[in-house]
Each structure stands twice: as C-alpha cells, then as structure tokens.
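Asks: Dropping the structure in here first, questions after.
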Amino acid sequence: MEYQADYYITINDSIKTWVQTQYSKDSGLPMAVIGHSVAEEAGMRRLASYLDLHSGYPCIHFTGGCDYDWIE
680 MEYQADYYIT INDSIKTWVQ TQYSKDSGLP MAVIGHSVAE EAGMRRLASY LDLHSGYPCI
740 HFTGGCDYDW IE
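To get our numbering, take the position in the sequence shown, counting from 1, and add 679.
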C-alpha cells in the first residue's frame, strides 16, 4: 500500500455492495464507516456561525449526531 494505512475510514454512501467491505477484510485492515451527516458536521457548524455573524438573522446549528453503533 502506498500510504501504509492502519485502517480505512469511509462514509456510508460509499458502501454500495459487498466489494468495499470485502476489500477491507482481505487486506486485514479494519474499516470505520461514519454517517454522511457526521462527515459534514464541522462544515455545517462553521457555516451556521458565519451566517449568524454576517446575515443579520439568527442562525442556530442543530447537531445531527450519529446513527451507528460500535460493532466488534
């Protein structure tokens, strides 16, 4: 592997078939799958702060949270 990764991180939208998870299993590296909203959380928080400061209207960010559980 070019980057010598210790594990894979991906969003749930990229897992379309069994191929992606099997690649993780075959390589011996674990895969962490996060929800799409979690991947965008920091950007949405920053956007809400920017809009609150510059739009003249109050803007509040509501945290989306994570719908997944840890599986071993």
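Built from N, CA and C at the ideal position, the CB exists for glycine as well.
My output table needs one value for THR700: the three-state DSSP class, helix, strand or coil.
Replies: Of the three classes helix, strand and coil, the one that applies to THR700 here is helix, per DSSP.
Asks: Contact between the stretch 694-704 and the stretch 720-728: three or more CB pairs below 8 Å?
Replies: Too few Cβ pairs lie closer than 8 Å, so no.
Asks: Does DSSP put TYR729 in a helix, in a strand, or in coil?
Replies: The answer is helix: DSSP assigns TYR729 an H, G or I state.
Asks: Determine whether the beta carbon atoms of ASP685 and LEU708 lie at a separation below 8 Å.
Replies: Contact flag set, yes.
Asks: What is the C-beta distance between VAL712 and ILE739, in whole angstroms, given that I count them as a contact (C-beta under 8 Å)?
Replies: Actually they are not in contact, since the Cβ atoms of VAL712 and ILE739 sit about 29 Å apart, beyond 8 Å.
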